[in-house]
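**Q** Attaching a single structure in structure tokens format; questions to follow.
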Amino acid sequence: MRLLRTADELRPMAGGAFVPTMGALHAGHLALIDAARHLGTPTIVSIFVNPTQFAPGEDFDRYPRPVDRDLELCRAHGADAVFLPAATAIYPPDLEVPVPPLPAVATAPGLEDRIRPGHFAGVCQVVARLFDLVRPCAAVLGEKDYQQLRVITAMVEAAGNRWPGLRIVGHPTVREPDGLALSSRNAYLGPDERGDAVGLFRALRKATTLPTPDIAECIMLDTLQVHGLSVEYAVVRRADSLLPAESLSVPTRALIAARLGAVRLIDNMPMPIHPSPAVEILGRVPSSPDPP
Ligand code: PAF
Numbered sequence: 000m001r002l003l004r005t006a007d008e009l010r011p012m013a014g015g016a017f018v019p020t021m022g023a024l025h026a027g028h029l030a031l032i033d034a035a036r037h038l039g040t041p042t043i044v045s046i047f048v049n050p051t052q053f054a055p056g057e058d059f060d061r062y063p064r065p066v067d068r069d070l071e072l073c074r075a076h077g078a079d080a081v082f083l084p085a086a087t088a089i090y091p092p093d094l095e096v097p098v099p100p101l102p103a104v105a106t107a108p109g110l111e112d113r114i115r116p117g118h119f120a121g122v123c124q125v126v127a128r129l130f131d132l133v134r135p136c137a138a139v140l141g142e143k144d145y146q147q148l149r150v151i152t153a154m155v156e157a158a159g160n161r162w163p164g165l166r167i168v169g170h171p172t173v174r175e176p177d178g179l180a181l182s183s184r185n186a187y188l189g190p191d192e193r194g195d196a197v198g199l200f201r202a203l204r205k206a207t208t209l210p211t212p213d214i215a216e217c218i219m220l221d222t223l224q225v226h227g228l229s230v231e232y233a234v235v236r237r238a239d240s241l242l243p244a245e246s247l248s249v250p251t252r253a254l255i256a257a258r259l260g261a262v263r264l265i266d267n268m269p270m271p272i273h274p275s276p277a278v279e280i281l282g283r284v285p286s287s288p289d290p291p
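Numbering of the sequence shown is given in numbering that gives the first Met the number 0, commencing with residue 0 and proceeding in unit increments.
Have a look at this one:
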């Protein structure tokens, strides 16, 4: 496995399958690396804790950085190269790294932008810069950060030929046995909080059994409160635009952000599609009897 620090060292890796990360790797990241390897081109993992996607007062300084362990895990999972840039390789002092136009899905009302304004501008800035440097044929990203996945997909679609042929591949969320979605921030949870953190998974799982977005949202709220979670949002949205969904007759996603003390957790789940009432009625029209 090669350890790359500069844009020049990266050049021969163009056309690979790329897994951008901020390190503190867990089984969710390792599943992304495994999926990237299956794409059949060299796999490049980046590890860079991007300052521009953290607001002042967020956890940038204390974000875990176990670099030696991360490199060992990348090696064990067969990554061909790890890009571990210094901040100056991403944001050179003599270069203004542009923020690409923000896709509409980044500012879908009531979601991340309400709680973390500016976050997706920082994500788009660093991911666009990484794509420019790595020049991958595919980037594999987790569905755990579903809005981020949609934002990056939309950014690439809107970028025309800037990254020719680049495909964004979403990978299902990896969970603990009790359902808690894996996240580097789970390391912040104390033993008492860990028990309540599973409330996000329970709320989402209940939501998927309910017939309308409104009912699903009410039940998610109840479940989260029972677990002592302080809710930032618990909503059902259209899976593509993340705008409010009136029914479950189109693809939708339940999304939650909630806090346990100082720890912020997010999770999401696809909702089953329910036929619209019209389709249901048509489905129940008895077929005409066979002619005699
Ligand atoms: O999901 C993450 O770890 C980060 O937001 C990303 C995509 C690596 C950009 O810094």
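Glycine residues also receive a C-beta, built at the ideal position from the N, C-alpha and C atoms. Please read these numbers as outputs of a predicted model, since none were measured by experiment.
1. In terms of residue numbering, what span does the beta strand (DSSP E) encompassing residue 232 cover?
2. Just to confirm my understanding: we take residue 262, look at its own chain, exclude 5 residues before and 5 after, and list those with CB closer than 6 Å. What are they?
3. Is the CB-CB distance between residue 233 and residue 223 below 8 Å?
4. Does the Cβ-Cβ distance between residue 135 and residue 15 come in under 8 Å?
5. In the DSSP output, which residue or residues are listed as bridge partners for residue 45?
6. Inspect the CB distances between the region 168–185 and the region 15–31 and report whether three or more fall short of 8 Å.
7. Quick one: Cα of residue 19 to Cα of residue 208, how far?
8. Which first and last residues belong to the alpha helix (DSSP H) in which residue 27 is found?
9. With distances taken Cα to Cα, identify the nearest neighbour of residue 126 among 9, 89, 3 and 193.
10. Look at the Cβ atom of residue 258, then the Cβ atom of residue 270, and state whether they are nearer than 8 Å.
11. Which residue from 228, 212, 221 and 210 puts its Cα closest to that of residue 195?
12. Residues in the same chain with beta-carbon distance under 6 Å from residue 35, minus the five sequence neighbours each way, listed in chain order, please.
13. Taking only three categories from DSSP, how would you classify residue 76?
14. Quick one: what does DSSP say residue 60 is sitting in, helix, strand or coil?
15. Rank 66, 112 and 1 by C-alpha distance to the C-alpha of residue 47 and give the top, closest one.
**A** This is what the structure holds:
1. 229–237
2. 187 and 188
3. yes
4. yes
5. 19 and 82
6. yes
7. 34 Å
8. 26–36
9. 89
10. no
11. 228
12. 16, 18, 42 and 139
13. coil
14. coil
15. 66
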